[in-house]
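Before any comments, here is the structure.
Residue numbers (this note's numbering): 61 to 242.
Structural data, given as structure tokens:
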């Protein structure tokens, strides 16, 4: 397992070691010991899974402290553009976004720390996404940022006029007006 750092501090891509042969493949998507060896000490407490069809855009979501979540995101089937936005007001990369292609083929994972908004768009026919969280869901602490906030300039890999977006996500505020407590 190896870590690829991004230009945003603490936001990393995790690449598992994949063992393949004529039968298929095997890899450890998560190992507490291996993560700790890489300097990542997180106690995950909840796994979430979603299934979406092509053109779906989910996000950008976060939970405020004390229920802020670190997420380890991976794709079980299909391809997504996974996006994280730095909401840490004291960070030199505050308001910056990072995106990466996650797929069942490349098996990459994105470790999204507390203090970030997260979302993804589905660019394959369908996608199953799974993510581990280090904090339980808490409705009262949830927040979000509008996916098409012009100040973020996110390339979702699709025409946003055709995006399938929940009513809840369509009315989220801009980063400037969000209720982030980071």
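Virtual Cβ for every residue (Gly too), placed ideally from N, Cα, C.
Bridge-paired residues (DSSP) for residue i
| i | result |
| --- | --- |
| residue 239 | Residue 239 is not bridged to any residue. |
| residue 224 | 116 |
First through last residue of the beta strand (DSSP E) which encompasses residue i
| i | result |
| --- | --- |
| residue 106 | 106-113 |
| residue 80 | 79-81 |
| residue 87 | Run containing residue 87: none; DSSP gives neither H nor E here. |
| residue 117 | 117-123 |
| residue 62 | 62-65 |
| residue 203 | 202-204 |
C-alpha distance - residue i paired with residue j, whole-angstrom precision
| i | j | result |
| --- | --- | --- |
| residue 131 | residue 237 | 24 Å |
| residue 145 | residue 158 | 7 Å |
| residue 87 | residue 78 | 5 Å |
| residue 189 | residue 110 | 5 Å |
| residue 133 | residue 195 | 14 Å |
| residue 169 | residue 154 | 22 Å |
| residue 150 | residue 112 | 35 Å |
| residue 75 | residue 192 | 16 Å |
| residue 223 | residue 91 | 35 Å |
Top-ranked residue by Cα proximity to residue i, from the options
| i | options | result |
| --- | --- | --- |
| residue 186 | 137, 165, 198 | 137 |
| residue 114 | 203, 180, 235 | 180 |
| residue 53 | 81, 64, 116, 74 | Absent from the structure is residue 53, since the part of the chain shown begins at 61 and ends at 242. |
| residue 147 | 82, 163, 173 | 173 |
Enclosing alpha helix (DSSP H) for residue i [first to last residue]
| i | result |
| --- | --- |
| residue 97 | 92-97 |
| residue 230 | 227-230 |
*Which runs of the alpha helix (DSSP H) spanning at least 4 residues fall entirely within the region 145-191, listed in chain order?*
none
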